[in-house]
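The sequence shown begins at -5 in the working numbering and counts up by one. Where a beta carbon is used, it is the ideal one built from N, C-alpha and C, also for glycine. One structure is given below, encoded as C-alpha cells.
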Amino acid sequence: MRYTIIALAIGAGLGLVFRSQTYILAIFSRLLIFAIAAIGLNILTGMAGQVSIGHAAFMALGAYTTAFLSQRYGLPFAVNLIPVVLVTALFGYIIGLPALRMKGFYLAIATMAFGVVIEQLIAGQPWLGAHTGIREIVPFFKAEILNYAVNLGFFLLLSVGAFSLIGSPMGTKYRMVRDSEIAARAYGVDVSKVKLHAFMISAVYGGIAGALYAHTVGFIIPSSFGLSISVNLLAAIMIGGLGFVQGSLYGAVLIFGLPYFMSRGFGQWLTLIIGVMLIVFVMFFPKGVSYGLMMLWHRWAQRPVIWARRRLVGGMRQGSRFVEVKGKRIHYTESGGGSPVLMIHGNTGSSDWFADVMDIEGLRCIAPDLPNCGLSDRVDTGDMDVYADYMLGFMDALGIKEAVVVAHSLGGAVAVSMGCRHPERVMKMLLIDPCPVKGLVTPEEHYPVIELYKTSRDMMKAALGAMTPSMKDDARLARLVDGAFRMNPASFTEHPRALARFDYAGRCRDFKGKVLIAVGKKDTLITEAMARESAAEFPDAEVRALEGVGHSLMVEDPDRFVELVKELAG
-5 MRYTIIALAI GAGLGLVFRS QTYILAIFSR LLIFAIAAIG LNILTGMAGQ
45 VSIGHAAFMA LGAYTTAFLS QRYGLPFAVN LIPVVLVTAL FGYIIGLPAL
95 RMKGFYLAIA TMAFGVVIEQ LIAGQPWLGA HTGIREIVPF FKAEILNYAV
145 NLGFFLLLSV GAFSLIGSPM GTKYRMVRDS EIAARAYGVD VSKVKLHAFM
195 ISAVYGGIAG ALYAHTVGFI IPSSFGLSIS VNLLAAIMIG GLGFVQGSLY
245 GAVLIFGLPY FMSRGFGQWL TLIIGVMLIV FVMFFPKGVS YGLMMLWHRW
295 AQRPVIWARR RLVGGMRQGS RFVEVKGKRI HYTESGGGSP VLMIHGNTGS
345 SDWFADVMDI EGLRCIAPDL PNCGLSDRVD TGDMDVYADY MLGFMDALGI
395 KEAVVVAHSL GGAVAVSMGC RHPERVMKML LIDPCPVKGL VTPEEHYPVI
445 ELYKTSRDMM KAALGAMTPS MKDDARLARL VDGAFRMNPA SFTEHPRALA
495 RFDYAGRCRD FKGKVLIAVG KKDTLITEAM ARESAAEFPD AEVRALEGVG
545 HSLMVEDPDR FVELVKELAG
C-alpha cells in the first residue's frame, strides 16, 4: 500500500508538472505500459520461476484484439477489455501447457519461439494490416494528460492486484514452485495448476499492456512486439528486481526510459552510455534495484530515526529504580506489596512488557531489565546462566530470599536456569511461551535477517507485531519497539545463539515447585507440543493452551495474564 500511495503521488505530480508537454507525457505513458507488462512477466518469472522470452507476444495479442474490434466494429476500449482478457488468458493457458514438461533453458526457448510465431502470424494477415500494421486507432481522450491518467490508473490498479497476489495463498504456492517443485508437491501443491495459473495471469497483464499501448500510441505494427521487446522486458525485471512488483517499474524506467530521455544530445554514444549505466547497476545491485534499495532502507536509512527516538523517547517510567549487581546497574520497576513475584522479560524486551500487569492485589511485582536490555548495563555475554546469576544477585540486593518467577520467551530459559540450579530460591514458575527446556535453535539462514533488526525499525515492528498478533494498540507496540532498540546490538545475534546452546533436559527433576506453562495457540514460534515436551521435564508441571493469543499473553490479554499469576502465586 505504501508503494502504491507513493507511486500515485509521484505519478500525479509528474502529470501536473508536465501537463502541457505532450511528448514527455507520451513517454511517461509508454513507461507505465511497459511497467505493466513487466509486472506480468515478474509474476511469471520472479514469483513462479517460469522463464519466458516471448512475453511481448501477449502484448501483441492484446493490442491487435482491441485495435481490430475498435476499427471494425467501433467498440470502445472498456468493452474491448473483456475479449482482450479472454484471448490472452486462453493463449497463456496454451503456452503454459508445454511448461508442465519443460523448465529452465528449454522453457525459455519454447516461449521465445511462441513470441516469434505470433509476430510472424500477425505479419502475414492482411486483415490485421500485415507488416504495415493498424493505424489511426482511437485514443482514450484527445488530451494527452488524460491518456496519461488512464495509464497511471491501470498501472496502480494492476500493481495493487500483484501485491495482493503475492500475499495470497496462491502467491505462496508460486514461491514454493519457484524454489522447489519437489518440495511443493510434497506439501500437496498442484504444480501443474500453479504454473498454468501463473502463465494465464502473466498473459492477461501483458494483454492489458498491449491494449493500452494501442490506444495510447495510435498505431501498431508486428515489430512493435518483437523479440527485442521480450528480451527488454526480461532485462527490466532482472535489473529492477525479480519478485518485486516495484522492480518492474524501476526496470522499465532504466531499460525503456533511458533511450527516450537520452536520445537527444548523445548521438552515437547513446548505446555505449546506456550499456555502461546498466553494467554499473548490475554491479552495485546484483539482486536488482528493488533489493538494493530495500537493503539501503533497512541497513542505513532508518538509523537516524532509531538514534533520535532512543534519545528523545525516555525509557524511564513511574516507579523506575536502579540497583547494583556485580558492579552493573540493573534497572527495574516495582508495584504493590506482599509475596514477591519476579517478572522476567524476553528477547529484545524490557520491564515495559509488564507495565500493564504490575498492579496485582496482595503481590509485590518486580520487573527488572535483564543485563544488555532496556536501561540495565551491558555485559560481555548473553548466556542464560549468566543472566540467571544476575537475577539471583538482583533478588539478594532487594532482600528477597525466594520468589514466584514469571518469565516470558527468552526469560523462560533464565527462569529455568534459576529454578533448576537454585530450587530453594524459586517457589513456583509461570512460563509464558518459554524457550524449550532443550533449547531453541535458530537456522543459520535467519541470522542475516536478525542482523537487519538492529538498524530497521520497520522490521522490528513487524517482528514484534507477529509476536503479539492479538494486540491492537499501535501506541503500545511503538513503545515496545523503542524499548527493543535499547538492547545491546551484539545481543541481537548472541541471544539466539545462547538459546541454541541452552539445554536443561534431565536437569529439572530437583525443582519440586509448581510449573505452569502457558502457550498461545496463535504463537508461531513456540508450539503446544514444545510446551508439553518442556513440561515433561518437571515433576509438577501443567500446560495451558490459550485461545485467541499469540506469543505474548501479558500485552495481548492482560486480564487473563493477571488471573494466571493470581492462580499460581495467590
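- Going by beta carbons, T436 and Q296 fall outside the 8 Å limit.
- The beta-carbon distance between G9 and A143, rounded to whole angstroms, is 7 Å. This is short enough to meet the 8 Å contact definition.
- Secondary structure at T487: helix, using DSSP grouped into helix, strand and coil.
- In this structure, DSSP gives R95 a state outside helix and strand, which the three-state scheme calls coil.
- Excluding sequence positions up to five before and after Y254, its CB lies within less than 7 Å of the CB of I21, all in the same chain and listed in chain order.
- Counting only the Cα atoms, I88 lies some 11 Å from V81.
- For the stretch 501 to 556, the continuous beta strand (DSSP E) assignments of 3+ residues that do not extend past its boundaries occur at 509 to 514 and 535 to 540, in sequence order.
- N145 is positioned such that its CB atom lies closer than 8 Å to that of S23.
- Bounds of the alpha helix (DSSP H) holding L55 are A50 to Y67.
- Rounded to whole angstroms, the separation of the alpha carbons of M454 and D476 is 9 Å.
- About 13 Å separates the Cβ atoms of F149 and N141, ruling out a contact at the 8 Å cut-off.
- Take A107, set aside five residues on each side of it, and the residues of its chain with a beta-carbon closer than 8 Å to its own are G48, in chain order.
- With a contact defined as Cβ atoms closer than 8 Å, I(-1) and L152 miss out at about 16 Å.
- In terms of CA proximity to M548, S344 leads the group E438, S344 and P442.
- In the DSSP assignment, M232 falls within the unbroken alpha helix (DSSP H) covering L221 to G234.
- Per DSSP, the continuous beta strand (DSSP E) segment holding H402 begins and ends at A397 to H402.
- Taken in chain order, the complete beta strand (DSSP E) segments of 3 residues or longer contained in the stretch 240 to 319 are 314 to 319.
- With 16 or more other Cβ atoms inside 10 Å of its own Cβ, F348 counts as buried.
- Non-local beta-carbon contacts of F279 in its own chain, meaning distances under 6 Å to residues more than five positions away in sequence, involve G286 in chain order.
- In the three-state DSSP reduction, V373 falls in the coil class, being neither helix nor strand.
- In the three-state DSSP reduction, A137 falls in the coil class, being neither helix nor strand.
- In the structure shown, K448 falls within a coil segment according to DSSP collapsed to helix, strand and coil.
- Its chain contains A51 and A54 as the residues whose beta carbon lies nearer than 6 Å to that of I112, once the 5 sequence neighbours on both sides are disregarded; these appear in chain order.
- Counted as a single uninterrupted DSSP element, the beta strand (DSSP E) harbouring E328 occupies residues K322 to S329.
- Going by beta carbons, I324 and V399 fall outside the 8 Å limit.
- Secondary structure of R129 (DSSP, three-state): coil.
- For S196, the uninterrupted alpha helix (DSSP H) run begins and ends at V185 to V211, by DSSP.
- A Cβ-Cβ separation of about 5 Å places I131 in contact with A208 under the 8 Å criterion.
- H440 has its alpha-carbon roughly 31 Å from the corresponding atom of A1.
- The bridge partners DSSP lists for I426 are H402 and A512.
- Collapsing the DSSP output to three states places S464 in coil.
- Taking all protein chains shown into account, A137 has fewer than 16 neighbouring C-beta atoms within 10 Å of its C-beta and is therefore exposed.
- With contact defined as three or more Cβ pairs closer than 8 Å, the stretch 508 to 526 and the stretch 535 to 547 are in contact.
- According to DSSP, P334 shares a beta bridge with R358.
- DSSP places M421 within a strand segment (E or B) once states are collapsed to three.
- Assigned with DSSP and collapsed to three states, I394 falls in coil, not helix or strand.
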